[in-house]
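Here's the structure we're looking at; comments come further down.
There are 2 protein chains.
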Amino acid sequence: MSSKEDEKAPEIDKLADTGTLGKAIALLDLVTRAPEPLRFTDILKLTGLPRGSLHRQLRHLVLEGLLDDSPDGTYGPGLRLLEFASRAWAKSSFREVAAPHLLRLHQQTGETVHLGVLRGHEIIYLDKVEGRQALRLHSQIGKASPVYCTGIGKAALSVVSDELRAEILSALCFEPFTPGTHKDVAALLEDLQKIKSAGFAFDMEEHEIGIRCVAAPISSNDAAFASGISITAPAFRASPEQLKAWAPLVLEAAHAIQLDIPRRLGPAK
Amino acid sequence: MSSKEDEKAPEIDKLADTGTLGKAIALLDLVTRAPEPLRFTDILKLTGLPRGSLHRQLRHLVLEGLLDDSPDGTYGPGLRLLEFASRAWAKSSFREVAAPHLLRLHQQTGETVHLGVLRGHEIIYLDKVEGRQALRLHSQIGKASPVYCTGIGKAALSVVSDELRAEILSALCFEPFTPGTHKDVAALLEDLQKIKSAGFAFDMEEHEIGIRCVAAPISSNDAAFASGISITAPAFRASPEQLKAWAPLVLEAAHAIQLDIPRRLGPAK
DNA sequence: TCCATTAGTTCCACTATTCGGAACTGAGTT
DNA sequence: AACTCAGTTCCGAATAGTGGAACTAATGGA
């Protein structure tokens, strides 16, 4: 293993080596993440890239339809992103397997039901079933939310391997969305302990004031893949007693989904 | 311009010059488009790329989260695509402007209402409002459909510049989804003539048996940007008379959206 | 059991692409 | 007119992608 020459740096880089593609996607990420449309110069400052390079990169992204350049000189997400996502959603066999269970859970409770999966340090919402809604139609499909202040996030964290959990926790940055948001790893760990023994997680307005939920994890044979489902409701309809009453239902549904998974092991999560 | 050596092909390539990124996205497109999960060898045959190159490209795409590799060796769309799209959707100011009008149109008719925009040779659905649905929840947001057999597609085609329309028509490939699908440019052009004078378009089960719609175009000051809205209903509720009765409502809504656009010219479509 | 075949991964010399400084355009301002 | 600031183009140097070939792992038939 060890060699005479020490010219090669051993393993300093944690950066994924994805070359040119990685740079382009990082740029795409930056632009789509921005709270408001960025102009060329804004991006220039944010990235520190040389003018020439940035210009070419943006041109490529726009030509590919991943970004749109408005007539007013700003850049925003391109329509092609929607097209790709539509395929991703349509093909997610995990979502397909879970769908009937979500629907049933919704019918049993009358409340909004979510399906989310762990990706990196965040939860991505894969599906949702809700009642008559006035606005915010399909809002959060695909949305990324923190693990430490969402029911599904905490539930998923409670079932991953110790190594993965440690890695995720070490990288967390606790933003105080509400007074109830966990403020550090210690508080979160304590909560996770309870969740592990109970088998389900609460979110008592930790991410958004007025919104509570009960969530249950779905574990799988694939250790790197954790997910969960939740029942979400406005605080006035979600008393602690009510949430406890819902817990068995979420657990049952999560379990049912888990049992249905093996039939289609893998194809596309 | 002309040189002695004829070794270099003059200007055959219409391909957009997006270098390395273009190749990666083309591959992503191929994989996400596939009706069923592809294995390494399948992709190898489809692309004709050399083993080494393909292997690296796929690895990069997987590392970036744009593709997922299942334990069974197949590749499918990655979760990061959903994340990107969620941002694209949330930031689409055009969608935001149109939303209340879609909702009103839905309340007036009780039927499903769509918002779609023209991208390349296809229509991308940006939003939809529908009633109580059993399944197929948010199915087609982001979905791409042909211009020649959808109400919104034909409506949008009727308002773009002659040059753009000619370019799109020349590249179309008429797939006969139903007996009513237009079979060639001539038939489509005839239909477009009617649509232009009427101001709205019908889709009489041209894309899917049992599904009909009325659609109206939304034109904008930006010539390259065409879109439309539609009321869609099952054939038994959408007699020709009923569709004609709906037409003024769609036209009115489309017009209202058009008037609302200038307020936020541009940012992100 | 063995050999043949197919599937997937690694390696490395070659070359096409990206990189980035600098020069250019063009609109708005003093 | 002279300035600044925003965006675009150009080209030699540096780097990252290319693709043939060799390697390993799994599958399957005789």
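Chains as they are written, first to last, in full-length UniProt numbering: chain A, 1 to 269; chain B, 1 to 269. Note that beta-carbon positions come from the ideal geometry of N, C-alpha and C, so glycine has one too.
If you draw a straight line from the C-alpha of residue i to the C-alpha of residue j, how long is it?
i: residue 68 of chain B; j: residue 244 of chain B; result: 47 Å
i: residue 13 of chain A; j: residue 49 of chain A; result: Residue placement at residue 13 of chain A cannot be trusted, given a pLDDT of 38 that sits under 50; what the coordinates show is reported in the next sentence. Near 21 Å, if we compare the C-alpha coordinates of residue 49 of chain A and residue 13 of chain A.
i: residue 142 of chain A; j: residue 93 of chain A; result: 15 Å
i: residue 158 of chain A; j: residue 124 of chain A; result: 17 Å
i: residue 126 of chain A; j: residue 89 of chain B; result: 15 Å
i: residue 206 of chain B; j: residue 154 of chain B; result: 11 Å
i: residue 108 of chain A; j: residue 106 of chain B; result: 27 Å
i: residue 20 of chain A; j: residue 51 of chain A; result: 17 Å
i: residue 190 of chain B; j: residue 235 of chain A; result: 57 Å
i: residue 198 of chain B; j: residue 86 of chain B; result: 36 Å
i: residue 23 of chain B; j: residue 211 of chain A; result: 44 Å
i: residue 162 of chain B; j: residue 168 of chain B; result: 10 Å
i: residue 136 of chain A; j: residue 45 of chain B; result: Its pLDDT being 46, under 50, residue 136 of chain A is placed unreliably in this model, and the coordinates cannot settle the point.
i: residue 254 of chain B; j: residue 258 of chain A; result: 46 Å
i: residue 71 of chain A; j: residue 62 of chain A; result: 13 Å
For residue i, name the three-state secondary structure that DSSP assigns.
i: residue 226 of chain B; result: coil
i: residue 278 of chain A; result: The structure shown does not extend to residue 278 of chain A, since chain A spans only 1 to 269, so no value can be given for it.
i: residue 177 of chain B; result: coil
i: residue 261 of chain B; result: helix
i: residue 250 of chain B; result: helix
i: residue 200 of chain A; result: coil
i: residue 211 of chain B; result: strand
i: residue 238 of chain B; result: coil
i: residue 256 of chain A; result: helix
Got a sec? Which residues, its chain only, sit under 7 Å from residue i by beta carbon, not counting five neighbours each side?
i: residue 151 of chain A; result: 201, 202, 203, 213, 214, 215 and 230
i: residue 66 of chain B; result: 28, 78, 80 and 81
i: residue 114 of chain A; result: 125, 128, 152, 229, 230 and 232
i: residue 246 of chain A; result: 109, 214 and 231
i: residue 171 of chain B; result: 121
Which term fits residue i, buried or exposed, when burial requires 16 or more other beta carbons within 10 angstroms of its beta carbon?
i: residue 222 of chain A; result: exposed
i: residue 209 of chain B; result: exposed
i: residue 193 of chain A; result: exposed
i: residue 41 of chain B; result: exposed
i: residue 149 of chain A; result: buried
i: residue 37 of chain A; result: buried
i: residue 224 of chain B; result: exposed
i: residue 84 of chain B; result: buried
i: residue 237 of chain A; result: exposed
i: residue 175 of chain A; result: exposed
i: residue 248 of chain A; result: exposed
i: residue 217 of chain B; result: buried
i: residue 64 of chain B; result: buried
i: residue 186 of chain A; result: exposed
i: residue 35 of chain B; result: exposed
i: residue 239 of chain A; result: exposed
i: residue 33 of chain B; result: exposed
For residue i, which residues in the same chain have their Cβ closer than 8 Å to its Cβ, ignoring the five residues on either side in sequence?
i: residue 39 of chain B; result: 73, 74 and 75
i: residue 119 of chain B; result: 144
i: residue 57 of chain A; result: 23, 24, 27 and 49
Which residues in the same chain as residue i place their Cβ atom closer than 6 Å to its Cβ, once the five residues preceding and following it in sequence are excluded?
i: residue 219 of chain B; result: 159
i: residue 130 of chain A; result: 112
i: residue 43 of chain A; result: none
i: residue 180 of chain B; result: 204, 205 and 206
In chain order, which alpha helix (DSSP H) runs of at least 4 residues are fully inside the UniProt domain "HTH iclR-type" (18–79) of chain B? If we require 4 residues or more, the alpha helix (DSSP H) runs fully inside the UniProt domain "HTH iclR-type" (18–79) of chain B come out as 19–33, 40–47 and 51–63.
At 3 residues or longer, what runs of the beta strand (DSSP E) sit wholly inside the stretch 107–165 of chain B? 112–119, 122–129 and 144–146
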